[in-house]
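In the working numbering, the protein residues as written are 27 to 217. Just so you know, even glycine gets a beta-carbon here, dropped at the ideal spot from N, CA and C.
Structural data, given as structure tokens:
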């Protein structure tokens, strides 16, 4: 026996593989369609990979098994699980449509336009609501600092901030305040 023959991979012969496909292929595909929630292309790919594994592992055809079907289904199930885990581990892809409508952060025109929209919306607020937002968001005061500055209780600052942000949400298209945010950037640390 030569070294090249000793390192060669032993595989299942072509005729056995054809019989395997003919006898178990439809049941295997049906099983994989269930595991892939009806995704035929993915099920066919997994069935093909299962048959490649059978081709690479001729020991699965030993007479010790009454049928090779349980071996095939086990391999197919494991391949389906691995494929699903692999897909879930990757970040979701973003289509070109989302990127096309996303403003470029370095675009000064878009930033200036957004600033003008915000200023116009803030001017539409009542003087009390505007005073709270100016102190919290533009001056960066905490709720307690704004309350002292305005001479009102901290709870009033919070409620005015809440209602002012709701009004801005109606005035500015696409604006959504984060949940639980009732004050400027330093407010969370100071409370």
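Rounded C-beta distance between residue i and residue j? I'm assuming under 8 Å.
{"i": "residue 147", "j": "residue 176", "result": "Actually they are not in contact, since the Cβ atoms of residue 147 and residue 176 sit about 21 Å apart, beyond 8 Å."}
{"i": "residue 165", "j": "residue 189", "result": "About 19 Å; that fails the 8 Å criterion."}
{"i": "residue 151", "j": "residue 193", "result": "6 Å"}
{"i": "residue 183", "j": "residue 173", "result": "5 Å"}
Which same chain residues, not among the five before or five after residue i, have their C-beta less than 6 Å away from its C-beta?
{"i": "residue 101", "result": "76 and 79"}
{"i": "residue 73", "result": "54, 55 and 58"}
{"i": "residue 42", "result": "none"}
Starting from the C-beta of residue i, find all residues in its chain whose C-beta is less than 8 Å away, skip the five residues before and the five after it, and write them out in chain order.
{"i": "residue 198", "result": "143, 144 and 147"}
{"i": "residue 47", "result": "77"}
{"i": "residue 94", "result": "46, 50, 80, 86 and 87"}
{"i": "residue 99", "result": "54 and 57"}
Relative to the C-alpha of residue i, which residue among the options is closest?
{"i": "residue 96", "options": "155, 50 and 193", "result": "50"}
{"i": "residue 110", "options": "46, 39, 54 and 68", "result": "68"}
{"i": "residue 44", "options": "99, 66 and 81", "result": "81"}
{"i": "residue 153", "options": "174, 130 and 187", "result": "187"}
{"i": "residue 52", "options": "66, 149 and 141", "result": "66"}
Who are the Cβ neighbours of residue i in its own chain at under 7 Å, not counting the five residues just before and after it?
{"i": "residue 83", "result": "none"}
{"i": "residue 32", "result": "At residue 32 the pLDDT is 43, less than 50, meaning the model places this residue with poor confidence; the figure from the coordinates comes in the next sentence. So no residue of the chain qualifies."}
{"i": "residue 38", "result": "80, 81, 84 and 87"}
{"i": "residue 132", "result": "none"}
{"i": "residue 112", "result": "none"}
Cβ of residue i versus every heavy atom of the ligand NAD: is any distance shorter than 7 Å?
{"i": "residue 54", "result": "The ligand NAD is not among the ligands present in this structure, which contains no ligands whatsoever."}
Stretch-stretch touch, CB-based, cutoff 8 Å, three pairs: the region 78-89 with the region 137-156: no
At least 3 beta-carbon pairs within less than 8 Å: the region 102-111 vs the region 57-72: yes
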